[in-house]
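Engineer: Before anything else, here's the structure in question.
Numbering (our numbering), first residue to last: 10 to 352.
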């Protein structure tokens, strides 16, 4: 399948001419002959035996101490809701830091599972809140403190879970939340956020490069046909958009052999066309530098093709005189760095 002069057309004989061997930018990285056309879609422990009856009372006392401290934080939460809201978000961040600190201490305690069970029992028996049996200490303590609003508790749990993934201390938490733009803005770690942000930018750039490659294929194609029928516009409400579509998509029925019957001709509009281009170019390199090198190789080949119009060849030569937009990916050697919870 090939894009040719504004149409998607399938033939038995159409082939993309292999690029010439070209010395590009005097680079010696093996990309001088990189060809984008290849990517077009075709039992009991000793410690247990050593237990004494009195140990049970000690552990109960320790659990009760955690429950009591949780009650103190609940009272602190109530005070926040009724007295402190007007004083700004910093008090909320301090409360979250205290919850975070207690949750980390529960996680580090050898009786963490029993403490969580005790918290779940307390919430169920006294407040009619049922937590799932597999909820984390972080989620359990947040729900214990924030009893009145399930949605708020879920949001706070997300923030503290992200903080844990960032390996933050409780002391660092308030400043971290402030830097990230507040509680509602924190849905993932900073590294994930930046990676996604960069990924969105790279996806757009990659699509533009593939679009340009297909446009060049259209310019260079010698297969033409005339179509006298109407073209259906699928983006009439954006007819004056500055980003207009580049291609016309034909839907045709295969009759037999090399014979087809055109059913509709479609102008998908720029946005929908982007999705088609992404699909058509799904096998193309993800590396923008490598993708651009392949595109420049094809431009160089076309600029040397005397069968192409002089004006087209000169324009390609002008474009090849511009520096590349994308740089090679540098590999940096580094040491290895150290949902709903209710039923």
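All residues carry an ideal CB built from backbone N, CA and C; glycine is no exception.
Examine the ligand ZN and report whether any of its heavy atoms sits within less than 8 Å of the Cβ of residue 277.
Structural biologist: The model depicted lacks the ligand ZN and carries no ligand whatsoever.
Engineer: In the DSSP assignment, the alpha helix (DSSP H) including residue 259 goes from what residue to what residue?
Structural biologist: Run containing residue 259: none in the alpha helix (DSSP H); it sits in the beta strand (DSSP E), 258-265.
Engineer: Can you give the beta carbon distance from residue 146 to residue 112, rounded, assuming they're within the 8 Å contact cut?
Structural biologist: About 5 Å; that satisfies the 8 Å criterion.
Engineer: Indicate the three-state DSSP secondary structure (helix, strand or coil) for residue 273 in the structure shown.
Structural biologist: DSSP places residue 273 in strand when its eight states are reduced to three.
Engineer: If you draw a straight line from the C-alpha of residue 33 to the C-alpha of residue 41, how long is it?
Structural biologist: Caution applies to residue 33, whose pLDDT of 40 falls short of 50 and renders its modelled position unreliable; the model cannot decide the point.
Engineer: Based on DSSP bridge pairs, tell me the residues matched to residue 242.
Structural biologist: Answer by DSSP bridge pairing, in chain order: 276.
Engineer: Identify the continuous alpha helix (DSSP H) that holds residue 185 and give its terminal residues.
Structural biologist: It spans 182-188 - the alpha helix (DSSP H) in which residue 185 sits, taken as one unbroken run.
Engineer: If you compare alpha carbons, which of 134, 129 and 135 is closest to residue 141?
Structural biologist: That would be 129, whose Cα lies nearest to the Cα of residue 141.
Engineer: Which of the three DSSP states is assigned to residue 82 in this structure?
Structural biologist: Three-state DSSP puts residue 82 in a helix.
Engineer: If you drop the 5 nearest sequence neighbours on each side, which residues of the same chain put their C-beta closer than 6 Å to that of residue 315?
Structural biologist: Excluding residues within five positions, none has a Cβ falling inside 6 Å.
Engineer: Return the first residue and the last residue of the alpha helix (DSSP H) that residue 307 is part of.
Structural biologist: From DSSP, the alpha helix (DSSP H) with residue 307 extends over 297-312.
Engineer: Alpha carbons only, please: which of 168, 178, 75 and 300 is nearest the one belonging to residue 126?
Structural biologist: With distances taken between Cα atoms, residue 126 lies closest to 75.
Engineer: Decide if residue 288 is buried, meaning its Cβ has at least 16 other Cβ atoms within 10 Å, or exposed.
Structural biologist: Flag for residue 288 reads exposed.
Engineer: With contact counted as at least three CB pairs below 8 Å, one residue from each stretch, are the stretch 274-292 and the stretch 306-324 in contact?
Structural biologist: Verdict: no, contact absent.
Engineer: Would a C-beta distance cut-off of 9 Å place residue 232 and residue 255 closer than the cut-off?
Structural biologist: No, Cβ-Cβ distance for residue 232 and residue 255 is not below 9 Å.
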